[in-house]
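Beneath this line is the structure, given in structure tokens, with notes to follow.
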């Protein structure tokens, strides 16, 4: 999967071509929204808040959007409970994803470590932040699909992930984003925080490879609305290493981007109308 040739073969499959085009059209329409000509920063901040809320909810920690906004702008602290810690663990890497332009292909594994450090701060000892699992230790956060690789197999899968992030610029952004997202979910390289890291990495790739250069599409909302069971089924299909499974996962991600672009347009409408909470 990690070679440019393999990525090009996946990208040429008719169902993938259709998925890529659907995501591209949705993001192109969003790019021309009036709000993104004048108030991009406000729209992007709202997208981060909505994305982090959805990502935390995917991990079982639904919280009000108003609270997420307040935490993001420093007007409130996240609750001192499991849900609050999950929110912080989703918010920090979602913010960090917007700061990674130019680093993904140049320093892919260091970038992955940055996202995990943001996600897991306070959840694991500092010396484990950004560090893959060692020995035969299994991840503590996600149960599947199947046992996570360990040892030499884990290192090889991480090398493959790095190759994906460094893929030729001609490979469609959606394909790269979908496959790196899937690899993090399947490999689960860290003890905790793998889900939010996978979704933040998806966001970062979509922005850096200019599918959504504005960062206002909220793909996390697309994954949330599809539901955790559908997300789990799609990644299980991918993990089976069949062509149909890979296609199903790319289609799942494309739909999330399309829903996320519609959410971004709703954000733009609210910005123009002055309806967002200041």
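In this note's numbering, the protein residues as written are 1 to 278.
Just so you know, even glycine gets a beta-carbon here, dropped at the ideal spot from N, CA and C.
- Taking C-alpha positions only, residue 203 is separated from residue 263 by approximately 14 Å.
- Fewer than three Cβ pairs drawn from the stretch 110-117 and the stretch 141-148 lie within less than 8 Å of each other, which leaves the two stretches out of contact.
- Looking at the DSSP output, residue 121 sits in a beta bridge with 124.
- Non-local C-beta neighbours of residue 261 in its own chain, meaning closer than 6 Å and more than five positions away in sequence, comprise 26, 27, 30, 217, ordered along the chain.
- Within the same chain, and ignoring the five residues on either side of residue 176 in sequence, the residues whose Cβ sits closer than 8 Å to its Cβ are 7, 164, 165, 167, 205, 209.
- Annotation: the continuous alpha helix (DSSP H) that includes residue 51 extends over 40-58.
- For residue 32, there is no enclosing alpha helix (DSSP H), as DSSP marks it with neither H nor E.
- DSSP, read as helix, strand or coil, puts residue 109 in helix.
- Secondary structure of residue 8 (DSSP, three-state): helix.
- Per the coordinates, the alpha-carbon of residue 63 lies some 8 Å from the alpha-carbon of residue 87.
- Taking a 10 Å sphere around the C-beta of residue 249, we find 16 or more other C-beta atoms and assign the residue as buried.
- When 129, 154, 256 are compared, the shortest CA-CA separation from residue 137 is found for 154.
- Taking 9 Å as the cut-off, the Cβ atoms of residue 93 and residue 193 count as close.
- Annotated three-state conformation of residue 190 is coil, per DSSP.
- Approximately 5 Å separates the beta-carbon atoms of residue 49 and residue 69; this is inside 8 Å, confirming the contact.
- With a threshold of 16 other beta carbon atoms within 10 Å, residue 242 falls short and is exposed.
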